[in-house]
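Undergrad: Dropping the structure in here first, questions after.
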Amino acid sequence: MTSLYDEVQTPTEGVPTRRITVVVNGEKRTVDVEPRLLLAHLLRQGLQLTGTHIGCDTTSCGACTVLFDGRPVKSCTMLAVQADGHEVETVEGMASASELHPVQEGFKQEHGLQCGYCTPGMMLTSKALLERNPNPTEDDVRWALSGNLCRCTGYQNIVKSVLWAAEKMRAEQGEDA
Ligand code: FES
Ligand code: FES
0 MTSLYDEVQT
10 PTEGVPTRRI
20 TVVVNGEKRT
30 VDVEPRLLLA
40 HLLRQGLQLT
50 GTHIGCDTTS
60 CGACTVLFDG
70 RPVKSCTMLA
80 VQADGHEVET
90 VEGMASASEL
100 HPVQEGFKQE
110 HGLQCGYCTP
120 GMMLTSKALL
130 ERNPNPTEDD
140 VRWALSGNLC
150 RCTGYQNIVK
160 SVLWAAEKMR
170 AEQGEDA
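Here the sequence shown stands for residues 0 to 176, numbered as in numbering that gives the first Met the number 0.
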């Protein structure tokens with residue numbers, strides 16, 4: 000059990016906390032949090048998973064996107080207590096010990112990033128898309144990523160990266176069949 004206060008701030012006397020358990024990247028984490036704490040701050044400061052970026056804090060940019068029970072959510076818009084009993088995946092959970100996730104590989108192959116600030120959110124949203132639609136059109140990719148903004152404006156290559164990953168995942172599934 001970790002006290003978030005150990006890592007983020009000195010406990011404020013009199014402020015109530017709540018103990019929550021969240022499965023983060025496959026690992027059960029139990030922490031005491033203030034009810035007002037955002038999920039993005041729990042991940043970044045409490046659990047040191049700084050791949051979850053914060054760009055706007057207003058649900059606009061998608062830099063803070065994580066998968067919540069497999070669905071993309073903006074973690075700057077959720078309270079940490081809402082994640083109690085749920086599963087969260089961050090960009091740190093995408094690769095296995097020995098290889099990148101095909102979406103990560105796609106971003107590498109097709110140069111889908113410039114500064115990289117939007118990239119974790121873009122990749123997690125793309126992963127969720129490909130899990131529900133293994134054969135997306137370019138329009139499907141653009142629609143799925145419409146809540147994720149790239150301030151470097153590298154959208155063309157981001158879309159190519161996701162289509163590259165889709166093709167690779169289909170080929171791998173064909174091999175497994
Ligand atoms: S930081 Fe959450 S949407 Fe921008
Ligand atoms: S690569 Fe810079 S914000 Fe997208």
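Note that the Cβ used here is the ideal one computed from N, Cα and C, for glycine as well.
What are the start and end residues of the alpha helix (DSSP H) that includes Glu12?
TA: Run containing Glu12: none; DSSP gives neither H nor E here.
Undergrad: Closer than 7 Å: is that where the CB of Arg141 sits relative to any heavy atom of ligand 2?
TA: no
Undergrad: Note down the Cα distance separating Ser22 from Val87, rounded to an integer number of angstroms.
TA: Before going on, a small fix: residue 22 reads as Val here, not Ser. Looking at the two C-alpha atoms, the distance is approximately 6 Å.
Undergrad: Answer yes or no: do Ile157 and Asp83 have a C-beta to C-beta separation smaller than 8 Å?
TA: no
Undergrad: From the DSSP output, which residues share a beta bridge with Ile19?
TA: The secondary-structure analysis by DSSP pairs Ile19 across a beta bridge with Val30.
Undergrad: Report yes if the C-beta distance between Cys75 and Thr58 is below 8 Å; otherwise report no.
TA: yes
Undergrad: Hey, how far is the Cα of Glu137 from the Cα of His110?
TA: 17 Å
Undergrad: Starting from Arg131 and walking both ways along the beta strand (DSSP E), at which residues does that stretch end?
TA: Here Arg131 belongs to no beta strand (DSSP E); instead the alpha helix (DSSP H) covers 118–131.
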